[in-house]
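So the mapping is simple: the working numbering equals the position in the sequence shown, first residue as 1, plus 7.
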Amino acid sequence: PLETTVTIRIYDQANRLVAEPVSNEIRLTGIAYCDHWDGTTKLGTASNGMYYISIEMSNGTREVYPIFVKKK
């Protein structure tokens, strides 16, 4: 319910940072945001498998969600 700064990071199963699609961006209340990760990592394109999205807010809150990447 409060304005906050958000950082979104993507980690692989070995807990290595592979991408940071959002870095310290302000999020306002009452607005739904949709961020996009194009599947690229520091080493190229993400391999098939499990990854984790970490959403860190400036108030100290951190949420982690699993995602599964599968190429067509």
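Built from N, CA and C at the ideal position, the CB exists for glycine as well.
Here V71 is exposed, its C-beta having fewer than 16 other C-beta atoms within 10 Å.
With a 10 Å radius around the Cβ and a threshold of 16 neighbouring Cβ atoms, I74 comes out exposed.
For the pair V76 and G56, the Cα-to-Cα distance works out to about 5 angstroms.
CA-to-CA, the gap between E32 and K79 works out to about 31 angstroms. Assigned with DSSP and collapsed to three states, G51 falls in strand. Per DSSP, G46 has no beta bridge partner at all.
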